[in-house]
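S.K.: Those sequence lines, one after another, are chains A and B. Each residue of the first sequence is one higher than the one before, counting from 26 in this note's numbering. Each residue of the second sequence is one higher than the one before, counting from 26 in this note's numbering. One structure, as structure tokens, below. Some questions next.
There are 2 protein chains.
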Amino acid sequence: MKIGELAARTGVSIRSLRYYEQQGLLTPARNENGYREYSVLAEDQVRTIQLYLNLGLSTEQIAGFLHCVLKNKEAFCTEVFPIFRQKIAEIEAQIHQLNHIKRNLEERMQSILDERKSEEAEENK
Amino acid sequence: MKIGELAARTGVSIRSLRYYEQQGLLTPARNENGYREYSVLAEDQVRTIQLYLNLGLSTEQIAGFLHCVLKNKEAFCTEVFPIFRQKIAEIEAQIHQLNHIKRNLEERMQSILDERKSEEAEENK
DNA sequence: CTTGACCCTCACACTAGTGTCAGGGTTTAC
DNA sequence: GTAAACCCTGACACTAGTGTGAGGGTCAAG
């Protein structure tokens, strides 16, 4: 199938399909006229790519194990586990950082409220 | 004082000081030779800018209330409170999203472990 | 044989703050 | 008078995936 059909089937933009190819995630054949020709397997492949992108992995990371998970069960690919572990660690660090900022913001908001309250008290004296 | 001294005093790079000026956060005078000349107040001003940047606010948001908080107590500036509230909401949304991804990753890791365990059981049969 | 719907490559834009370099002027101290 | 240490502006790079547009080829239906 051609790129437009694959885009329609998967919901992924043509632009993104070409980008995935550039990143080594897809390797369609080429027709004589230069058009990309995708096998039926490509549809699954694109969905798999999307799945991992939605888990926050980069195209580079996905490229590292995509061949394996397409051929075998995910559990069989030893590359996957440490990447998941690392990603979780990154996410936890980000959440930690965000919580830190959030607490600071909440403290400041509370200070503002307290300040205003005492202003009012001052006025009503 | 000149820009190098302000950078040394505050720990903020010269590049950043010039960027803050471009964003309307700092407005140093100019000497006859074109050099920026900062008042002593600029040091506090830069620290205040850094404080809000570290809370995750953009230079544009900071520009919206910086004049006020430099002149008054933060609690007096009505622009600040809704920005804090909005920022907290954004952070909560991000945390939510990150937790969602994290749960997916953890589930997948667990599946992998389960899968491997049953493989082993298969082998030891 | 033309129109419209495809396809191709190349390249810039976007976020937002910072680093870094080029090319050039000023000032200070030796 | 020259070298070192400042300062200036302007511009590109970075992240990472996607949108968008230019300029142009291909193909099928009318």
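Glycine included, each C-beta is placed from N, C-alpha and C at the ideal position.
From the DSSP output, read off the bridge partner residues of A54/B.
M.R.: Per DSSP, E62/B.
S.K.: Count the other C-beta atoms from every protein chain shown that fall within 10 angstroms of the C-beta of V65/A, then say buried if there are 16 or more, exposed otherwise.
M.R.: So V65/A ends up on the exposed side.
S.K.: Taking 7 angstroms as the CB-CB limit, is E85/A close to chain B?
M.R.: Taking Cβ atoms only, chain B never reaches closer than 7 angstroms to E85/A, which makes this a no.
S.K.: On the CB-based measure, 16 or more other CB atoms within 10 Å of its CB, does R61/B come out buried or exposed?
M.R.: Buried, since its Cβ has 16 or more Cβ neighbours within 10 Å.
S.K.: Within 7 angstroms of any Cβ in chain A, is that where the Cβ of I126/B sits?
M.R.: Yes, because at least one Cβ of chain A sits closer than 7 angstroms to the Cβ of I126/B.
S.K.: Quick one: which unbroken beta strand (DSSP E) runs of 3-plus residues sit fully inside the stretch 113-146 of chain A? Chain order, please.
M.R.: List check, beta strand (DSSP E) in window: nothing returned.
S.K.: Please identify the residue among K127/A, Q119/A, I126/A and H125/A whose C-alpha is closest to the C-alpha of N124/B.
M.R.: Closest by alpha carbon: Q119/A.
S.K.: Are the C-beta of A33/B and some C-beta of chain A separated by less than 7 angstroms?
M.R.: Chain A contact via Cβ: absent.
S.K.: With a cut-off of 8 angstroms, do at least 3 Cβ pairs link the stretch 100-111 of chain A to the stretch 76-89 of chain A?
M.R.: Segments in contact, yes.
S.K.: Hey, would you say L51/A sits closer than 7 angstroms to Y44/A, going by beta carbons?
M.R.: Result no, Cβ atoms of L51/A and Y44/A do not sit closer than 7 angstroms.
S.K.: With 8 angstroms as the C-beta to C-beta threshold (strictly closer), list the residues of the stretch 106-131 of chain A near chain B in chain order.
M.R.: Listed in sequence order: F106, F109, R110, K112, I113, I116, E117, Q119, I120, L123, N124, I126, K127, N129, L130 and E131.
S.K.: Going along chain B, which residues have a C-beta under 7 angstroms from G81/A?
M.R.: Simply I126.
S.K.: Is there a C-beta anywhere in chain A that falls below 7 angstroms from the one on A67/B?
M.R.: No, its Cβ sits nowhere closer than 7 angstroms to a Cβ of chain A.
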